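Same order as they appear, the protein sequences are chains A and B. My numbering puts the first residue of the first sequence at 7, with every later residue one more than the last. My numbering puts the first residue of the second sequence at 7, with every later residue one more than the last.
There are 2 protein chains.
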Amino acid sequence: MQACGLIVEYNPFHNGHAYHIQASREATGADCIIAVMSGSFLQRGEPAIIDKFHRTKAALSAGADLVLELPYLYAVQSSDLFAEGSVKTLNEAGVSSICFGSESGDISYFTQGYNTFKNNQASYQSALHEQLDKGESFPEASRLAYRHIGLTTDKMDLAKPNNILGFGYVKSILDNDLPIDPLTITRIKSGYHDQAITDSIASATSIREELLATNKVTEQVKRALPEETITQLLHYKQKANCWHSWESYFSLLHYRVMTMSDSELAAIHGVDEGLEYRIKKSALKAGSFHEWMHAIKTKRYTWTRLQRIFAHILTNTTKEEVNLIKGNASVPYIRLLGMTKTGQHYLNSRKKQMDVPLITTLARANVPMALKEEKASNAYYSILPADKRTEFRRQELQPPIMA
Amino acid sequence: MQACGLIVEYNPFHNGHAYHIQASREATGADCIIAVMSGSFLQRGEPAIIDKFHRTKAALSAGADLVLELPYLYAVQSSDLFAEGSVKTLNEAGVSSICFGSESGDISYFTQGYNTFKNNQASYQSALHEQLDKGESFPEASRLAYRHIGLTTDKMDLAKPNNILGFGYVKSILDNDLPIDPLTITRIKSGYHDQAITDSIASATSIREELLATNKVTEQVKRALPEETITQLLHYKQKANCWHSWESYFSLLHYRVMTMSDSELAAIHGVDEGLEYRIKKSALKAGSFHEWMHAIKTKRYTWTRLQRIFAHILTNTTKEEVNLIKGNASVPYIRLLGMTKTGQHYLNSRKKQMDVPLITTLARANVPMALKEEKASNAYYSILPADKRTEFRRQELQPPIMA
Numbered sequence: 007m008q009a010c011g012l013i014v015e016y017n018p019f020h021n022g023h024a025y026h027i028q029a030s031r032e033a034t035g036a037d038c039i040i041a042v043m044s045g046s047f048l049q050r051g052e053p054a055i056i057d058k059f060h061r062t063k064a065a066l067s068a069g070a071d072l073v074l075e076l077p078y079l080y081a082v083q084s085s086d087l088f089a090e091g092s093v094k095t096l097n098e099a100g101v102s103s104i105c106f107g108s109e110s111g112d113i114s115y116f117t118q119g120y121n122t123f124k125n126n127q128a129s130y131q132s133a134l135h136e137q138l139d140k141g142e143s144f145p146e147a148s149r150l151a152y153r154h155i156g157l158t159t160d161k162m163d164l165a166k167p168n169n170i171l172g173f174g175y176v177k178s179i180l181d182n183d184l185p186i187d188p189l190t191i192t193r194i195k196s197g198y199h200d201q202a203i204t205d206s207i208a209s210a211t212s213i214r215e216e217l218l219a220t221n222k223v224t225e226q227v228k229r230a231l232p233e234e235t236i237t238q239l240l241h242y243k244q245k246a247n248c249w250h251s252w253e254s255y256f257s258l259l260h261y262r263v264m265t266m267s268d269s270e271l272a273a274i275h276g277v278d279e280g281l282e283y284r285i286k287k288s289a290l291k292a293g294s295f296h297e298w299m300h301a302i303k304t305k306r307y308t309w310t311r312l313q314r315i316f317a318h319i320l321t322n323t324t325k326e327e328v329n330l331i332k333g334n335a336s337v338p339y340i341r342l343l344g345m346t347k348t349g350q351h352y353l354n355s356r357k358k359q360m361d362v363p364l365i366t367t368l369a370r371a372n373v374p375m376a377l378k379e380e381k382a383s384n385a386y387y388s389i390l391p392a393d394k395r396t397e398f399r400r401q402e403l404q405p406p407i408m409a
Numbered sequence: 007m008q009a010c011g012l013i014v015e016y017n018p019f020h021n022g023h024a025y026h027i028q029a030s031r032e033a034t035g036a037d038c039i040i041a042v043m044s045g046s047f048l049q050r051g052e053p054a055i056i057d058k059f060h061r062t063k064a065a066l067s068a069g070a071d072l073v074l075e076l077p078y079l080y081a082v083q084s085s086d087l088f089a090e091g092s093v094k095t096l097n098e099a100g101v102s103s104i105c106f107g108s109e110s111g112d113i114s115y116f117t118q119g120y121n122t123f124k125n126n127q128a129s130y131q132s133a134l135h136e137q138l139d140k141g142e143s144f145p146e147a148s149r150l151a152y153r154h155i156g157l158t159t160d161k162m163d164l165a166k167p168n169n170i171l172g173f174g175y176v177k178s179i180l181d182n183d184l185p186i187d188p189l190t191i192t193r194i195k196s197g198y199h200d201q202a203i204t205d206s207i208a209s210a211t212s213i214r215e216e217l218l219a220t221n222k223v224t225e226q227v228k229r230a231l232p233e234e235t236i237t238q239l240l241h242y243k244q245k246a247n248c249w250h251s252w253e254s255y256f257s258l259l260h261y262r263v264m265t266m267s268d269s270e271l272a273a274i275h276g277v278d279e280g281l282e283y284r285i286k287k288s289a290l291k292a293g294s295f296h297e298w299m300h301a302i303k304t305k306r307y308t309w310t311r312l313q314r315i316f317a318h319i320l321t322n323t324t325k326e327e328v329n330l331i332k333g334n335a336s337v338p339y340i341r342l343l344g345m346t347k348t349g350q351h352y353l354n355s356r357k358k359q360m361d362v363p364l365i366t367t368l369a370r371a372n373v374p375m376a377l378k379e380e381k382a383s384n385a386y387y388s389i390l391p392a393d394k395r396t397e398f399r400r401q402e403l404q405p406p407i408m409a
C-alpha cells in the first residue's frame, strides 16, 4: 500500500481541504491519505476553533484515512520546526510522498529554490542577521535574505506564509535525505469554482472570522463547508457551549502572568530579550487580550509570534521542553487521532517498521513527552464550564476515532 | 505614646471586633491601637470575603488607629509562623502590649502554660511525633502532645483554635524575649449581649456563611455588624460584583494544576509526601472546589491545611519563598494599610526607631519580598471582571487609607 502525506490544521475543515485530499490522491495514486494535524493550538499560536477530535471526524468523513497529531512542541512554532515535526512524523508513518498547496503548483520552483539556498547559505545567514539586527521581525528578515540570494521570485514568493511552509517541507525532506517525494498542487482560491468538488471555496481565516463574529454557522459560511464540518461545529458548540478564540482565555492568561515571577516568565519558550518585563508591564493596563497584544506588539514581535508566546505561557511550555526536541533525528512518537478502515489496514501493514512508539490512547502512553498533549488540552478546555471540562478532557484518554 | 497591638483578620469586621478594640484600649490605657491584619488570604487558607482595603476602612472607623498588613508568607500558615509574623510585626511597630481574646480571659493560664511547655519540650516533641507517625493531623497531634505534658486544661483548652493562636502569641513573645506584655480579655460569645457596644455578637464564620448563602446583607447579619462594615460590604459588592469564596476560584485553580508538572506542583509550599499526585489525580474528576477538597481530604490533610495549600498553588507560593522568612530575627518590612490621625502621630514618633522599612505604598516599595503581596492580590482579584481587575489591583499602589 502506498501513502501520501498532508500537513494540515483543518481549522475548520473546509471545501478547499476536501479538494486538497482528492487532488493529492489523484496526483499520487496513493491508497492511503495521511494527514498530520496540529492539535489544540495552531502554528500561528491560536487555539483551534473546535477541538482536535471534532476536527478529526470532519477530516475522516471527507477522505483522510489516517489523522495523526503533530505534537504541540512542533505545532506551535515558526515554520522551520513546524515543517520538521510534520515531515518527520509523516516519514515515520511511511508516506512515499507529501503533497502541499502552492500558488504555482510547480514543485520545481521549490526544489530549485532549495539548491539556490544550499549554494548561498552563508550569504543568506549574513543577510538574515543584518536584517534582524536592524530590528526586523524574523519572517520579514528571512524574506529579505531570501530575496538577497535571489530565491524569492514571482513563481515562489517567500513572503506568502503558504509558500514559506511549503519550502520548509521541501527543505526538511532534502536536508534529512528522506525517501519522500515532495509534490505541490495549485491552491484554489476563494471565489474559484470547481463544480466537481464544491460550489464555494473560502479561506479558513475568513470562515473562522464569520463563525466567531456571528456565533452561528451562517448560510454564507455553510457554502464553504462540507456537511460533516457543519455537524461537528454545531455539535461542539452545543456540548461545549463555545467556539474557541483567544479572547476567552484572557482571564486565565492574565491571572497566570500576574502570579509569575520574572524568572518564571523568562523560562517560557519564546520569552526572550527582556520581553517578560514588557508582557508584565502591559498586563497591568490591558482590559482584553486584544488590548494586551496591541500594547506589546512591535516590528520585531509580530502578532503571530506573540500569539505563540501566549500559547506557551498558557500551556506552561518552557525553553527546556522545546530543547528536548531540537535537533532530534526523529519525532518522539506518533499519535493516532483517527482512522478509516483503509487507514487501519495501512497501519497494520506498516506498524512493525516504525522506529518510534505508536500511541493510540494517552491513557496507556508510556512516552513522557506525550503528556505534553494532555497539558495543552487541559489548558485548551479550561474555558469550558466545570461540568464539561472533565468530559472533554477525557477524550484524550479514549481510543482513536474510527470512521 | 503607648500602643497596644491586636492580631486580626476582620473577615469581616463585626461587633465582637469593635468590643475587642474598646476592651483592649480600656485594659491597657493605650493611646494607639495597632491592628496587624492578614491581607488577601487568611490563616485558614481562605480568600478574604472583601479585600484588605475595604476591611481596613471598616477597622479604622471602629477604633483601630493603625492597620498593618501581615505579609502573605506569614498570614497563610499554621499557628506558629502566623503568630511569629504577627508578634514580630507588632514589635517592630513598638507596641508595649498585645491583647487577644480567650475563653478564660486570664493571661496566667497562658504564661504558666508556657513554662510547662518549656520544661517539657522534649517530652512534647516525642509525643507529637508519635501522633504524627500514627497519621494524625498536626493540630490533633499537637493537642494530644499538649495533653500528654499536662498543658491542655479546662482553663486553657488547646483544642480550641483561638487558644492555640493565643498560646502562639505568648510563646512568640517569651521565646524571643520581646518587651511586650501579653494580655487577654474574655471573648464575648455569640448570643452574649453587651448593650454598651452592640445588640448582637455573632462569629465571623456564621456572618460569612449568611452573607455568601444569601448573597445579601440580611437584616439578621446587619445586627452583628457596625454600620461601616455594612457600607464596605455593599460598596465592594457593587463595585466588584462579588464577595470572595473558594468556589469562585475553582476554574483558575483547576487550570493551574492541570498545566503544572509534578515537580512544579511539588515545589509549592505545603505540597509534601507525594500530595502532588493526589491533587492531580483528584482534579480529573472534581466538578467543584468542594468536590475536589473532599476527594483529597484525609485525617492528616485537614480541610484547613488543604485550603492553605490551594492558596499557595493559586498564588504560586513556593517552598523556596517560605524558607526565606523562616528563622529570621525580624519581619522583612512593615506595611501600612491605613491610619487615623492618632495613628499618624504615633507613627511619626516611632518611625526612626524601626529596624525594617516602613512601606506606605507598594509603588515605591524597595523590598523584593513586598512584591509577594502584589502577586497574592493579583491572584485574589483574578475572579473579577476584566475591567474591574485593573482598578482593584491598582489599590495596591495607592498611599495608605486615611480616616
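Note that beta-carbon positions come from the ideal geometry of N, C-alpha and C, so glycine has one too. None of these values were measured; they are calculated from a predicted model.
DSSP-derived helix/strand/coil call for residue i
i, result
"L171(B)", "helix"
"P77(A)", "coil"
"I39(A)", "strand"
"F19(A)", "coil"
"M408(B)", "strand"
"T304(A)", "coil"
"V14(B)", "strand"
"S114(B)", "helix"
"P232(A)", "coil"
"R193(B)", "coil"
"L390(A)", "coil"
"K378(A)", "helix"
Proximity test, Cβ basis, 8 Å: residue i and chain B
i, result
"S257(A)", "yes"
"Y78(A)", "no"
"D200(A)", "In this prediction, D200(A) has a pLDDT of 44, which is less than 50 and means its spatial position is unreliable; nothing more can be read from the coordinates."
"Y283(A)", "no"
Residue nearest to residue i in terms of C-alpha spacing, selected from the options
i, options, result
"A70(A)", "A292(A), Y25(A), V328(A)", "Y25(A)"
"K166(A)", "R149(A), M299(A), A292(A)", "R149(A)"
"N332(B)", "S383(B), P77(B), R400(B), E380(B)", "Residue identity check: residue 332(B) is Lys in the sequence provided, not Asn. It is P77(B)."
"L189(B)", "G51(B), G11(B), I113(B), N329(B)", "I113(B)"
"G156(A)", "D139(A), Q127(A), D57(A), E142(A)", "Q127(A)"
"H6(B)", "H296(B), C248(B), E326(B)", "In this structure chain B extends from 7 to 409, so residue 6(B) is not present and cannot be described."
"I186(B)", "T117(B), R284(B), A317(B), V82(B)", "T117(B)"
"G119(A)", "G141(A), E75(A), G172(A)", "G172(A)"
"K381(B)", "T366(B), D393(B), P391(B), F398(B)", "F398(B)"
"T4(A)", "G293(B), H318(B), L377(B), R306(B)", "Here chain A comprises residues numbered 7 to 409, so residue 4(A) is not present and cannot be evaluated."
"I191(B)", "P391(B), L390(B), F106(B)", "F106(B)"
"L368(A)", "E402(A), K347(A), D393(A), T348(A)", "E402(A)"
"A376(B)", "L312(A), S267(A), R370(A), L330(A)", "S267(A)"
"I179(A)", "C248(A), A246(A), K305(A), V101(A)", "V101(A)"
Per DSSP, cross-strand counterpart(s) of residue i
i, result
"L330(B)", "BP columns for L330(B) are empty, so no partner."
"A9(B)", "C38(B)"
"T324(B)", "I274(B)"
"R341(B)", "E75(B), I365(B)"
"P188(A)", "I104(A)"
"V82(B)", "Bridge partners of V82(B): none, in fact."
"V47(A)", "Note that residue 47(A) is Phe in the sequence shown, not Val. Note: F47(A) sits in a beta bridge opposite P53(A)."
CB contact below 8 Å: residue i versus chain A
i, result
"A24(B)", "no"
"T396(B)", "yes"
"M375(B)", "no"
"T224(B)", "no"
"M162(B)", "no"
Interfacial residues, the stretch 380-394 of chain B to chain A, with Cβ spacing under 7 Å
K381, N384, A385, S388, A392, D393
Residues in the stretch 291-323 of chain B having any Cβ partner in chain A nearer than 7 Å
K291, G293, S294, T321, N322
Quick one: which residues of the stretch 356-371 of chain B get their C-beta closer than 9 Å to a C-beta of chain A? List them in chain order.
none
Can you pull out the residues from the stretch 236-266 of chain A whose beta carbon lies closer than 8 Å to at least one beta carbon of chain B?
F256, S257, L258, H260, Y261, R262, M264, T265, M266
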